[in-house]
Amino acid sequence: MDNISPSNTTSSVSRLIQELSRLPGIGPKSAQRLTYYLLRAPDEHSKNLAEAILSLRQKTQLCSCCFNIADSSLCPICNNSKRDRSQICVVEQPQDILAMEHIGVFKGLYHVLHGAISPTEGIGTENIRIKELLARLDNGQVKEVIIATNPTLEGEQTSMYLHKVISPLGIRVTRLARGLPFGTELEYADDVTLTRAIEGRREL
Ligand SMILES: [Zn+2]
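This is the structure we're talking about:
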């Protein structure tokens with residue numbers, strides 16, 4: 005930081021403010037606050053943050069089984085032999101797994117769709133990881149698929165479609181209970197509501 009001259013200080017500062025304000029949930033004011041915080045913080049702090057951001061992109065990949073975020077070809081959940089392989093909980097995004105794992109009620113495996121069916125946005129069944137989910141159901145090990153897509157229009161459409169294609173396979177298809185308010189996203193649900201939703205899941 006010592007060798008930053010006044011002429012490029014402005015552009016470095018504004019560059020970071022600009023980059024930070026592109027992040028979800030961070031407006032220009034927060035971006036400004038974070039930038040000036042980093043400017044005052046020890047060099048080590050910025051270095052660690054920059055390295056963590058770089059390694060996030062370089063060292064992570066999608067789990068080849070469930071499409072969760074992973075450090076190697078299988079995520080820690082798929083790799084864990086103690087997890088119940090007869091249940092698969094289907095979620096829209098990897099961060100939904102964090103919410104589910106936080107309550108610690110579900111002991112099975114997951115499947116991340118990476119989206120939901122949305123005709124208005126041009127997202128069809130072939131644009132999310134449905135084909136890969138169906139391939140996982142082929143081995144006869146899976147007895148129940150718990151659909152934990154968001155309680156939104158897109159999440160409901162996805163849920164209905166999954167029920168239509170999975171139930172003929174003779175696998176139990178359940179949906180999280182309606183305790184979750186319509187329109188909320190799973191990752192923002194509180195622990196009590198989410199626990200009730202999974203314990204009170206119903207047949208589709
Ligand atoms: Zn996995």
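The opening position of the sequence shown corresponds to residue 5 in this note's numbering, with each subsequent residue numbered one higher. Heads up, the beta-carbon is just placed ideally off N, CA and C, and yes, glycines get one too. Every value quoted in this text rests on a predicted model; they were computed, and no experiment measured them.
Quick one: what's got a C-beta closer than 6 Å to residue 133's C-beta in the same chain, skipping five residues either side? Mapped onto the sequence shown, residue 133 falls at position 129. Around residue 133: 71, 117 and 118.
Using a threshold of 7 Å, state whether the C-beta atoms of residue 201 and residue 180 are closer than that. Here residue 201 corresponds to residue number 197 of the sequence shown, with the count starting at 1. Here residue 180 corresponds to residue number 176 of the sequence shown, with the count starting at 1. The beta carbons of residue 201 and residue 180 sit closer together than 7 Å.
Secondary structure, alpha helix (DSSP H): runs of 4+ residues fully inside the segment 107 to 165: For the segment 107 to 165, whole alpha helix (DSSP H) runs of length 4 or above, ordered along the chain, are 134 to 140.
I need the residues with a C-beta less than 5 Å from some heavy atom of ligand 1; please give them in chain order. After applying the 5 Å Cβ criterion, the set is 67, 69, 70, 72, 79 and 82.
I'd like to know if the segment 122 to 138 and the segment 97 to 107 are in contact, where contact means that at least 3 CB-CB pairs between them fall below 8 Å. They do not touch, by the three-pair rule.
By Cβ distance, which residues of its chain are closer than 6 Å to residue 161, with the 5 residues on each side in sequence left out? As a first step, residue 161 must be located in the sequence shown, where it is residue number 157. Within its own chain, the residues whose Cβ lies closer than 6 Å to the Cβ of residue 161, once the five positions on either side in sequence are excluded, are 121, listed in chain order.
Buried or exposed (CB count within 10 angstroms, at least 16 for buried), residue 115: Numbered from 1 along the sequence shown, position 111 holds the residue referred to as residue 115. Counting of Cβ neighbours within 10 angstroms places residue 115 among the buried residues, the total reaching 16 or more.
Hey, quick one: how far does the beta strand (DSSP E) through residue 92 stretch, first residue to last? For this step, residue 92 is matched to residue 88 along the sequence shown. For residue 92, the enclosing beta strand (DSSP E) stretches over residues 88 to 95.
Could you check where the alpha helix (DSSP H) with residue 39 kicks off and where it finishes? Residue numbering aside, residue 39 sits at position 35 when the sequence shown is read from its first letter. That run of the alpha helix (DSSP H) goes 32 to 44.
Separation of residue 145 from residue 173, as counted between CA atoms: Counting from 1 along the sequence shown, the entry for residue 173 is found at position 169. Counting from 1 along the sequence shown, the entry for residue 145 is found at position 141. Answer to the nearest angstrom: the Cα atoms are 12 Å apart.
Using a 10 Å radius around the Cβ and a threshold of 16 neighbouring Cβ atoms, would you call residue 154 buried or exposed? For the purposes of this step, residue 154 is taken as residue 150 along the sequence shown, with counting starting at 1. When all chains shown are included, residue 154 counts as buried.
Coarse secondary structure for residue 205, derived from DSSP in three states: The residue labelled residue 205 in the question sits at position 201 within the sequence shown. Judged by DSSP in its simplified three-state form, residue 205 adopts coil rather than helix or strand.
Per-residue DSSP class, three states only, for residue 74: Mapped onto the sequence shown, residue 74 falls at position 70. In this structure, DSSP gives residue 74 an extended state, which the three-state scheme calls strand.
Where does residue 66 sit, in a helix, a strand or coil, going by DSSP? To locate residue 66, count along the sequence shown from 1; it is residue 62. If DSSP states are grouped into helix, strand and coil, residue 66 belongs with the strands.
Helix, strand or coil for residue 26 per DSSP? On the sequence shown, position 22 is the one that residue 26 refers to. Reduced to three states, the DSSP call for residue 26 is coil.
Which same chain residues, not among the five before or five after residue 107, have their C-beta less than 7 Å away from its C-beta? Here residue 107 corresponds to residue number 103 of the sequence shown, with the count starting at 1. Setting aside the 5 residues that flank it on each side, residue 107 is surrounded in the same chain by 195, 198 and 199, each with a C-beta closer than 7 Å to its C-beta; the list follows chain order.
Between which two residues does the beta strand (DSSP E) carrying residue 178 extend? On the sequence shown, position 174 is the one that residue 178 refers to. Element bounds for residue 178: 176 to 179.
Grab me the residues of residue 56's own chain with a C-beta within less than 8 Å of its C-beta, minus the 5 sequence neighbours each way, in chain order. Here residue 56 refers to the residue found at position 52 when the sequence shown is read from its first residue. Around residue 56: no qualifying Cβ.
Within the continuous alpha helix (DSSP H) that includes residue 80, where are the two ends? Here residue 80 refers to the residue found at position 76 when the sequence shown is read from its first residue. Taken as a continuous stretch (DSSP letters only), the alpha helix (DSSP H) holding residue 80 covers 80 to 83.
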